[in-house]
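Residue numbers (this note's numbering), protein chains in the order written: chain R, 1 to 437; chain B, 438 to 791.
Printed below as a string of structure tokens:
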């Protein structure tokens, strides 16, 4: 019996290791090498400018003596850092600030945290001495708030939510201006008058982006329509592919999307190779290389700009555990938190510049005739100014209408931050519906 | 050369079973620790974070216990169907629907505490039963493979939750995000310093209940008979229909109860993901049921262990800074070592030199 027990143990061990190894390698995310370059306009010296959008600008010069103990900063991610979108973009930001403030902070991250478990993870991090915690998914909101109320000496920043506390601020970098610029180009490039949008989930963020895109299309091409397909997933290459293909089958020849993979671009590239030009706009990450012949432009994000600002202000004491109740970053082009393009430093794929220059439109504010390339550059400049002089959700001479003909924005008026956050209707040139009761 | 023969064991003593289980479990952990050592992590710290602290430190135990309770309640129900030789993996879906029904009760009924909680829990159990009934009837009448039907029902349950949180139940105050309103306070189950004490007492009651059903009742005997030898059980006049239906009803009611308890005490709302309220614990409970060797009383230590491992997995990621893959690897190693133990309990290898 004893001999058999020993034997049993040995064989079990061998089987366990062999199978465990394969399970482990099969379940580990595939390694990805991502190379990127970027420019950031944040001061590397810790003298900080407190810029509050829309309100006033206060400059607080602070001299920092090097703290003996480094601030411990933690990031909690909803996905694996090797994804091709959301979590990876935040991880790029973390690496950037880790290097930028290397004498002052040390950082860590926890990946693939399921939303209901965020509170448990935060507690573990606090147990390890982390004093500044970023939670980077909407679903982390309630768990972060609970932790903020329980641990008043720790600073929390929650991305994409709307609940704040004395020691918990919120931040977001939104892409709607870029979708509008993409829409201008899409309107100029479509021959069929049908533009497609592969959409993730029916929430205001995505609806806002579809509308901004559609407003861009309409400005250049008043008769063109935007066809929407919901895939009900943030990451699902299979569904994104079938949605893109069904849109193309309906006659769509330009595609934009919200999904964390380059699938839609790959589909467009395949059609192009078969002699059927379908153009696409990249989403969130530099995706130009997946479709060099078809990618026109896209949306890129620079979370590091926001992270550098927050960390600088925490280090200098501008932000502390009592004054974050009204700190809500809503950073756009003018703050440098987002960038137009499908690759860093390339706002428009050079291949498409001549095509865009051929299309002439009347600029809707001044009535001056100009080509679409110049229009895109003008709007980009207007929206990048410290006080933007243009916003896609401001109606100029004609009202912005919803699908059922109601007035969404009256001439001369603009939508507020809250309107954008609650947006649950489509503008009038969108074809498709929002699946809600 | 070697000659290897696989021989069936008969009359295996429970002491031998226990020893084999514990050894294989320790071997599984040992190999994980070895793997961690190869990665350069201090082996002592791995073991400490993985299950010493989750079970012994008060602060960590408070976290473990919130996973332990639903795992234990569901595993108690699952072991009944597994004893009958029915391999249901539908607890996840039944748990989700249990939470949905309990949430419906909380949103629509106006009752005072504690009636409110009892009613919501009963309605949650009803939801679980409804979800379990379809595969149960298909199995009992047409002998449809329950592994497939219960798995499919899980996905339908997820879709149901998605429909509700994106559709009619989406809170008007959530800026359009897929969240329901928090349930009214009359329907919440209080926790003590984060410990779901009431839920834990429910777990103990459930364990006693399944002990009585499995070990002392006529139904328990019939379940066992069908699990060991369906033909003999049928020939001796036991109703297959009754055994399948009743064991399924009990297990799905308990899964629904677990979902309702999690909703009323921990989450208190649905969303933002379809699985936010179940957290996949309906699947974790399957492992716990098998670790318990389908013994009702052993469910308590088994679910404590699984709860600790869920918590320890978080520590591996958060404190030791390791990736999700490492945690999956650990779960795979432990699960497989336990499955392998099952083999060595029923068979032995005889190696001879030729």
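Glycine residues also receive a C-beta, built at the ideal position from the N, C-alpha and C atoms.
Between residue 630/B and chain R, the shortest Cβ-Cβ separation is not below 8 Å. Residue pairing by DSSP places residue 401/R opposite 407/R in a beta bridge. Residue 355/R places its beta carbon less than 8 Å from that of residue 189/R. Residue 614/B has a beta carbon lying within less than 8 Å of a beta carbon in chain R. Listed in chain order, the positions of the stretch 110-134 of chain R with a beta carbon within less than 8 Å of a beta carbon of chain B are 110, 111, 112, 113, 114, 115, 116, 117, 120, 121, 123, 124, 125, 127 and 128. Restricted to the stretch 614-666 of chain B, the alpha helix (DSSP H) segments that are unbroken, complete and at least 4 residues in length are 634-648 and 655-665, listed in chain order. Restricting attention to beta strand (DSSP E) runs no shorter than 3 residues, the stretch 211-272 of chain R encloses them at 225-230 and 254-257, ordered along the chain.
A straight line joining the alpha-carbon of residue 759/B with that of residue 74/R spans about 14 Å.
Judged by beta-carbon spacing, residue 427/R lies within the 8 Å limit of residue 211/R, meaning their Cβ atoms are closer than that value.
Distance from the CA of residue 679/B to the CA of residue 531/B, rounded to the nearest whole angstrom, comes to 20 Å. Around the beta-carbon of residue 593/B, fewer than 16 other beta-carbon atoms lie within 10 Å, marking it exposed.
Pairing residue 296/R with residue 422/R, the inter-Cα distance amounts to about 30 Å. In the structure shown, residue 163/R falls within a coil segment according to DSSP collapsed to helix, strand and coil.
Contact check for residue 155/R against residue 311/R fails: the beta carbons are separated by 8 Å or more. The beta strand (DSSP E) runs lying completely inside the stretch 78-125 of chain R and spanning 3 residues or more are 105-110, given in chain order. For residue 328/R, the uninterrupted beta strand (DSSP E) segment begins and ends at 328-331. Collapsing the DSSP output to three states places residue 371/R in a strand.
Against chain R, the CB of residue 751/B has a partner CB under 8 Å away; the residue lies at that interface. Residue 432/R has a beta carbon lying at 8 Å or more from every beta carbon in chain B. A straight line joining the alpha-carbon of residue 770/B with that of residue 596/B spans about 31 Å. Residue 299/R: member of the beta strand (DSSP E) spanning 295-301, first to last residue. Residues of the stretch 742-771 of chain B with a C-beta atom less than 9 Å from some C-beta of chain R are 747, 748, 751, 752, 754, 755, 756, 758, 760, 761, 762, 763, 764, 765, 766, 767, 768, 769, 770 and 771, listed in chain order. Annotated three-state conformation of residue 340/R is strand, per DSSP. Beyond the five residues adjoining it in sequence on each side, residue 778/B comes within less than 6 Å, by CB distance, of 457, 458 and 461 in the same chain, given in chain order.
With the criterion set as a beta carbon lying under 7 Å from some beta carbon of chain R, the members of the stretch 699-720 of chain B are 704, 709, 710, 713 and 716, in sequence order.
Residue 167/R is classed as buried because its beta carbon has at least 16 other beta carbons within 10 Å across all chains shown. Residue nearest to residue 120/R within the set 605/B, 750/B, 783/B and 682/B is 750/B (criterion: CA-CA distance).
Contact annotation: residue 664/B and residue 521/B have beta-carbon atoms nearer than 8 Å. For residue 373/R, the closest C-alpha among the options 366/R, 302/R, 349/R and 169/R is that of 349/R. Only 138, 139 and 162 from the stretch 136-164 of chain R bring a Cβ to less than 7 Å from some Cβ of chain B. Taking residue 742/B as reference, the option from 438/B, 675/B and 512/B with the minimal CA-CA separation is 512/B. If you draw a straight line from the Cα of residue 503/B to the Cα of residue 580/B, it is about 37 Å long. Assigned with DSSP and collapsed to three states, residue 715/B falls in coil, not helix or strand. In terms of Cβ geometry, residue 267/R and residue 192/R do not form a close pair [threshold 8 Å]. Bounds of the beta strand (DSSP E) holding residue 787/B are 784-790.
Chain order gives the chain B residues near residue 108/R as 758, where near means a beta carbon separation below 7 Å.
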